[in-house]
Amino acid sequence: MPTLAKPAPQAIVIFGASGDLTARKLAPALYNLFEQDLLPDDFAIVGYSRSPMSDEEFQASIKKAIEANSRCKITPRWSEFARRLRYVPGDYFLQDCMHHLSVELKKVDEELGTAGGRLFYCATPPETFPEIGKRIGEAGLAEGSRIVVEKPFGSDGASAIELNRVLHEVFDEKQIFRIDHYLGKETVQNIMVFRFSNGMFEPIWDRRYISSVQIDVAEDLGIGSRGAFYEGAGAVRDIVQNHMMQLLAILAMEPPASFDAESIRDEKVKLLKAISPIDPGDVVRGQYQKGEIEGEQVLGYRQEPKVDPDSITETFIALKLYIENWRWARVPIFLRTGKRLPERTTTITVVFHDAPHLLFDQSGMQRPEPNHITIRVQPNEGIALTFDAKVPGPEMTVAPVEMEFSYDESFMTEPGEAYERLIHDVMHGDATLFTRADEIEHSWTIVEPLLHRTPPDFYPAGSWGPEKAEELVSPGCWYVR
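Going by our numbering, the first residue of the sequence shown is number 527, and it counts up by one from there.
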């Protein structure tokens, strides 16, 4: 895993520099790294997009974005950061359209000491990724550089394979960093430490002790202004193929030979290969209707802007799958994600088998909840272990109690933003938290059958989805609310 040493000198080129991702995530992350002295001593940030803009206008837009979205406030060091911001307007689809970018980067090397180091970040719509790769190659900028590609990585298996093919014509696999911001979250990284550094957990992390696993990515928001995008994506493409498959792979993979990038990614691929085809009867698709969230009436999906009034796009999906290997055979894995649910939360719940002989059954007491571990990815990152204890008093009453770890309370610090960690890793060339080409292709193999859309079951906004989702989990398994 990477140290916090400063990276080598380099220029960071952001394609889509005038867009939302740059304003909300990339500009704040880069400034926060700068304030922590984690950027190179000699660096430049070169914005590139179609919008006409001067260097001074670009600097002002980045400052505004940082003031609105950064966890670090602007300090007197801003002037040093700002002088390293440059802007180049340009196209993505015209042949040789990045020649002037090449000229600007040579100028930056001379003036700011970036020494030919190049990091290209594609904060642009997915259809531009292949074109950007081609244009970088035409401009002679690919050698020794790194390129970051945002999700989605294709819209299905065939398009993902084609995207990988086009990128590999210009870049080696080691130069390509496919980013999934979930993997930059502290708790996701902590799953590996939790499992492999604690002797009390790894010996019981298998089918003999675990009865089921549930992964939930719940959002209380609707689709907002993203109707046109979401109509083509749905919950499967937006969440399941990337975030949820990555969470599952890290949670369930075998111990890697070492904590280097390739060993970890090898084990993730092995895990994905072991997932059986999903039974269509083990899938529940839903779509939110109008309802109430926190006392406010909200629209149904079909009433949202730029959504087909007869749309069958899923805004919710619950599914059951199995991993057919020695560790996880016959353990049901439940994935559930949806919009307009009661709260925003991402959790992983590992449920353990009941004790083989519960001594208190004969007393007529209600059987308590099974022991379980809850890993909170967001918000309030942390881990909780629930087990049974006697309630104080003369009667023999058993109730669940919780032991909890949270980053805020245990380390007296708030975890850094995921993009800060991931951008820092790219600058160092550490690919541990990034997805490899074969990972992408295998995850599409698993979820591609789910892309066939059937009429969804409706659920009111503010509920936990269609009732069928609970029925999917309930036979013999504890359902996590």
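Quick reminder that beta carbons are idealized off the backbone N, C-alpha and C, glycines included.
Asked, Found
"Quick one: residues in its chain with C-beta nearer than 8 Å to the C-beta of P528, no 5 flanking neighbours on either side, listed in chain order?", "Confidence at P528 is low in this model, with a pLDDT of 42, below 50, so its placement is unreliable and no value can be given for it."
"So for I600, helix, strand or coil by DSSP?", "coil"
"I need the DSSP call for P882, collapsed to helix, strand or coil.", "coil"
"Might you give, ordered along the chain, the residues of its own chain that have their beta carbon closer than 8 Å to the beta carbon of S802, omitting 5 neighbours on each side?", "L847, Y848, I849 and E850"
"Can you tell me whether DSSP reads F607 as helix, strand or coil?", "helix"
"Are the segment 656-664 and the segment 610-628 in contact at 8 Å, needing three or more beta carbon pairs?", "yes"
"Taking 8 Å as the threshold (C-beta atoms), are Q813 and P986 in contact?", "no"
"With distances taken from CA atoms, which of K599, I538 and G545 is nearest Q562?", "K599"
"Which one or two residues does DSSP pair with Y618 in a beta bridge?", "Beta-bridge pairing links Y618 to no other residue."
"Considering Cα atoms alone, identify which of A668, K677 and E930 is closest to M624.", "A668"
"Taking only three categories from DSSP, how would you classify I966?", "helix"
"Output yes or no for whether 8 Å exceeds the beta carbon distance between A549 and N595.", "yes"
"Using only CA atoms, which one of E928, G807 and F984 lies nearest to Y827?", "F984"
"Alpha carbon to alpha carbon, how far is I859 from E974?", "18 Å"
"Under a Cβ-count criterion, where at least 16 other Cβ atoms within 10 Å of its own Cβ denotes burial, should K916 be classed as buried or exposed?", "exposed"
"Report the rounded CA-to-CA distance for I819 versus R862, giving the unit in angstroms.", "19 Å"
"Spatial neighbours of S837 within its chain, please: CB distance less than 6 Å, with the 5 preceding and 5 following residues excluded, ordered by chain position.", "R828"
"Can you give the beta carbon distance from R870 to A744, rounded, assuming they're within the 8 Å contact cut?", "6 Å"
"For C648, which beta-bridge partners are listed by DSSP?", "F541 and V675"
"At the level of alpha carbons, what is the spacing between E935 and F569?", "35 Å"
"Are K799 and H968 closer than 8 Å when you measure CB to CB?", "yes"
"Starting from the N-terminal side, write out each stretch of the alpha helix (DSSP H) that is 4 residues or longer and does not extend beyond the segment 680-721.", "683-696"
"Suppose the cutoff is 6 Å on Cβ atoms and the five residues either side in sequence are ignored; what does the same chain contact list for M771 look like?", "S969"
"Report all residues from its chain with a CB closer than 8 Å to the CB of K711; omit the five preceding and five following residues, and keep chain order.", "V903, Q904, E907, P941 and A944"
"State the Cα-Cα distance for the pair H978 and R811, rounded to the nearest angstrom.", "11 Å"
"For Q740, list the residues DSSP reports as bridge partners.", "F860 and T875"
"Express the C-alpha separation of H898 and E930 in angstroms, rounding to a whole number.", "12 Å"
"Is the separation between the beta-carbon of R791 and that of R962 shorter than 8 Å?", "yes"
"In chain order, what residues of the same chain have a beta carbon less than 8 Å from the beta carbon of R610, not counting five sequence neighbours either side?", "F569, A570, I571 and L638"
"For a test of the three-state rule: what should DSSP assign to P528, helix, strand or coil?", "Confidence at P528 is low in this model, with a pLDDT of 42, below 50, so the placement of that residue is unreliable and no value is reported for it."
"Mark L747 as exposed unless 16 or more other C-beta atoms lie within 10 angstroms of its C-beta, in which case mark it buried.", "exposed"
"What are the residues that DSSP puts in a beta bridge with D914?", "P926"
"Could you tell me how far apart the beta carbons of C648 and V675 are, in whole angstroms, since I believe they sit closer than 8 Å?", "5 Å"
"For V739, tell me which candidate among G725, A775 and P729 has the shortest Cα-Cα distance.", "A775"
"Taking H879 as the reference, give the member of T872, W852 and F913 with the closest Cα.", "F913"
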